[in-house]
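Since the structure comes first, as structure tokens, the remarks are kept for the end.
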Amino acid sequence: MPGLVLFGRRWAIGSDDFVLPGAFELFVRLVWWIGILVLYTVHKGQFNCPGGGLLHSYLLGLIILLASIICALSALVYISMQGTISNPGPRKSLPKILYTRLLLYFPEFIWAVVGAVWVSDNSVQCEKTVINGVIGTVIASWIIIVFTVIGVVIVFDPLGGKKTFYLPDGVSRNLESSQSGQLLYNVKSSATRVWEKRIRLLCCCIVQDDDHRVAFTSIAELFRSYFSDTDLVPSDIAAGLILLHQEQDKMENCPKEPEEVLCHSPASLMADDLDVELENAAHYMLFAAAAYGWPYYVYTNPYTALCKLNGDCCRNRPTDSDITGSDRHNFHFGSILKITGLQYRDFIHISFHNKIYEIPFFVALDHKKEAIVVAVRGTLSFEDILTDLSADCEDLTLEEVLENGFVHKGITQAANYIYRKLINDGILNQAFTIAPEYKLVIVGHSLGGGTASILSIMLRNSFPTLRCYAFSPPGGLLSKSLADYTKHFIVSVIVGKDLVARLSMPNMEDLKRRIVRIVANCNRPKYQILLRGCWYEVFGGDPDDFPTELDGRNQDALSQPLLAEESLMVHRSPSYNALEEEPRLNSPPQYPHLYLPGKIIHIVEECSSRRLCSSDIKYTARWSNETVFSSILISPKMITDHMPDVVLKALNSLSQEHGSCLSC
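See below:
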């Protein structure tokens, strides 16, 4: 549903978004009105006390005011329930009702002030029950007013008042025209500034330098371009995700599952190779998880972690030359020791220094596998999030690759930082001086997995036997040529429907168009979609079979945009209509397709019950390929499947299962 237009500007709320909040307020107002009516009826002849005359007028006016509000809310909820997301015609009278409801806030505000004055008057000597009732009324009035103001702030669209840049159909845009070009530039700049202010507000607690300002602008441009070609409000996106999840579950329940077809192991890869890599991955995942420090240790040991860390805070304290960055009370280093099981003497270098494009890592000797391990931390701070979101592409020049590839800009800069530390500061030389026969292994999870992958590409020429294990790395990381090149020395491990492993700008564009398509053509009201969707997500059951305009259409027709879809993708909101330039036919895409690094192990959870599984979860692993991760899957586990403890649990389960099979 396009954003609601009130007072001459667009708001981030649709005309069908008033059903649930309106019904809740209607219930509160009805209970309130009945209570005041009972109070007035019981004490009708007992207003002879000092201040009783004003009390009588106040209660009588409040009863009339509440009755008016209840009528307005009833009409508002009823009208908002009509039509569908893409068919707002039956709701065309809603703005008038909304204006009426907003006007009733003025007498309600005045009545709240009158009630507060009456309650604060010490000369009032009426019955205590009446006084308490008025106090409750005043408090309820102010609570509703405050929450209304908060709601208005939330749905306020800073770009809602921008003028539209319309051009007649069939007339090409003359961007050389100074007037049209300047208007286009001004609207785009305004949108970028709005997103930049939002990002600065979210990152207000961190020290901001030139790198931060450049990142803010780059990320603001990314968000501006992504949201510029649709007119959806947040509730439309929520409804679309619910519909996509249920549609996806219906497809998975078909006899021939798409993932079964795509995820079969390549014939050239032996099962023994998979078992060996799973055993290595389970071992090195401990290092990747340990890089998170005390937050991960406390998260996985909530009842005993602090006691254990406090007991060891003064032991094994590293010298200043061994560690960089802040580690108060030795909590980070103590957690790394406990997670990895290593001794202090096994650590070559530990860095907790954290800025944008500069992420923590440590270098340690792994005597069990005879390896020098470089473990890179994943996302844990606002600086790390900014590094993740710096998703522009840049070239990575390599002599070994015939075709130079594209890489994720922010993650590449983080890899460059660690590369300079390892080579220029002589950290790797020091490690190989101590253990010259050991091999080099680079590991990381999430952002750390992506950084470890690009870092291993940079170090591959100097260390030909290098191996890299990337756990749940970002999907938009390497171009196809680089992804193929890394299959010789990088192994990526993905669990289930991990969102991050499927996260790339082309995949996000695909998700946006899927949401627009399914939302625009669903024939059910939005409130029904949200209510049934919440029930389905919490309690499970069979996916709802929502009828859509797609039903009964042949495959050829499905490739053409439907009327409602065109209205949401082409007839944009005035706020965003000017934000997208004419496509440049001869220029490369701003966000080319980027892929996961190396060979991919996909771990899938097996459970008889789709919802509430037993604690004894069974996993299966198979070799996969990058095409499986070319689309974002909607699932309640799309976030939890990315968490390091879930990845470690899955790997340990598979490793133990393989060990038990060997013993048998």
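The numbers in the UniProt record's numbering rise by one with no breaks, and the one at position 547 of the sequence shown is 547. Every residue, glycine too, gets a C-beta built ideally from N, C-alpha and C.
Any idea what DSSP makes of Ser492, helix, strand or coil?
-> strand
Burial state of Cys534 (16 or more Cβ within 10 Å) | Taking a 10 Å sphere around the C-beta of Cys534, we find fewer than 16 other C-beta atoms and assign the residue as exposed.
Cα-Cα separation, Tyr284 to Leu422 | Each residue's Cα considered, the two are about 19 Å apart.
Reduced DSSP secondary structure (H/G/I, E/B, other) of Ala503 | Ala is not the amino acid found at residue 503; the sequence shown has Leu there. Three-state DSSP puts Leu503 in coil, outside helix and strand.
Could you round the C-beta distance between Lys59 and Trp33 to whole angstroms and report it? I think they count as a contact, below 8 Å.
-> It is worth fixing the name first, because residue 59 is Leu in this sequence and not Lys. Not really, about 11 Å apart at Cβ, beyond 8 Å.
Expected contact under 8 Å - CB spacing of Thr640 and Val647 to nearest Å | That belief does not hold up - the Cβ atoms of Thr640 and Val647 are roughly 10 Å apart, past 8 Å.
Is it the case that the Cβ atoms of residue 674 and Gly444 are separated by a distance below 8 Å?
-> Given that the chain is displayed from residue 1 to residue 664, the structure contains no residue 674 and the question cannot be resolved.
Where the alpha helix (DSSP H) through Lys526 begins and ends = 526-539
Please report how far the alpha carbon of Ile603 lies from the alpha carbon of Ile494, in whole angstroms.
-> Spanning the alpha carbons of Ile603 and Ile494 requires a straight line of approximately 6 Å.
CA nearest to the CA of Phe223, picked from Glu196, Pro474, Tyr485 = Glu196
For Phe471, is the classification buried or exposed, using 16 other Cβ atoms within 10 angstroms of its Cβ as the cut-off for buried?
-> buried
Could you please give the first and the last residue of the uninterrupted beta strand (DSSP E) stretch that includes Tyr469?
-> 467-471
Cut-off 7 Å between Cβ atoms - residues of its own chain near Pro506, not counting five sequence neighbours on either side | Tyr591, His593
Under 6 Å Cβ to Cβ from Tyr469, same chain only, skipping five residues before and after it: list those, please.
-> These residues qualify, in order along the chain: Ala281, Tyr284, Val443, Val491.
Which of helix, strand or coil does DSSP assign to Gly341?
-> Here DSSP, grouped into helix, strand and coil, assigns Gly341 to coil.
Within 8 Å, strictly: CB atoms of Trp11 and Asp210 = no
Have a look at Ala288 and Arg420 and give me their C-alpha separation to the nearest angstrom.
-> Answer to the nearest angstrom: the Cα atoms are 20 Å apart.
Between the region 238-249 and the region 210-219, are three or more C-beta pairs nearer than 8 Å?
-> No: fewer than three Cβ pairs fall under 8 Å.
Is Gln343 buried or exposed, if buried means 16 or more other CB atoms sit within 10 Å of its CB?
-> exposed
Let me know the secondary structure DSSP gives Asp384 once reduced to three states.
-> Helix.
Strand pairing of Phe361, partner residues [DSSP] | Ser351, Val376
Starting from the C-beta of Ile385, find all residues in its chain whose C-beta is less than 7 Å away, skip the five residues before and the five after it, and write them out in chain order.
-> Only residues of its own chain outside the window of five on either side were considered, and among them Thr379 have a CB closer than 7 Å to the CB of Ile385, listed in chain order.
For Asn461, count neighbouring C-beta atoms within 10 Å of its own C-beta (all shown protein chains included) and say buried if the count is 16 or more, exposed if not.
-> exposed
What residue ranges within the region 594-643 form continuous beta strand (DSSP E) runs of no fewer than 3 residues, ordered along the chain?
-> 599-606, 618-624
Under the rule that 16 or more other beta-carbon atoms within 10 Å means buried, what is Ile69, buried or exposed?
-> With 16 or more other Cβ atoms from the protein chains shown falling within 10 Å of its own Cβ, Ile69 counts as buried.
Which value, in whole angstroms, describes the spacing of the CA atoms of Thr304 and Leu337?
-> 16 Å
Across which residues does DSSP place Ala371 in a beta bridge pair?
-> BP columns for Ala371 point to Asp366, Lys439.
Local Cβ density within 10 Å of Lys250, reported as buried at 16 or more and exposed below that = It is exposed - the Cβ of Lys250 has fewer than 16 other Cβ atoms within 10 Å.
Under the three-state DSSP convention, the category Arg517 falls into | helix
Could you give the distance in angstroms between the alpha-carbon of Asp484 and the alpha-carbon of Gly410?
-> Distance from the CA atom of Asp484 to the CA atom of Gly410, rounded to whole angstroms, is 21 Å.
Return the residue from the list Ser630, Arg622, His367 that minimises the CA-CA distance to Leu278.
-> Arg622
CB contact flag (Leu466, Ser481, <8 Å) | no
Report the residue ranges of all beta strand (DSSP E) runs contained in full by the region 35-96; include only those spanning at least 3 residues, in chain order.
-> none
Would you kindly check if the distance between the Cβ of Ile135 and the Cβ of Val146 is under 8 Å?
-> Not in contact: Val146 and Ile135 (Cβ atoms no closer than 8 Å).
Using alpha carbons as the reference points, say which of Gly61, Val38, Thr100, Ile79 lies closest to Leu20.
-> Ranking the options by Cα distance to Leu20, first place goes to Ile79.
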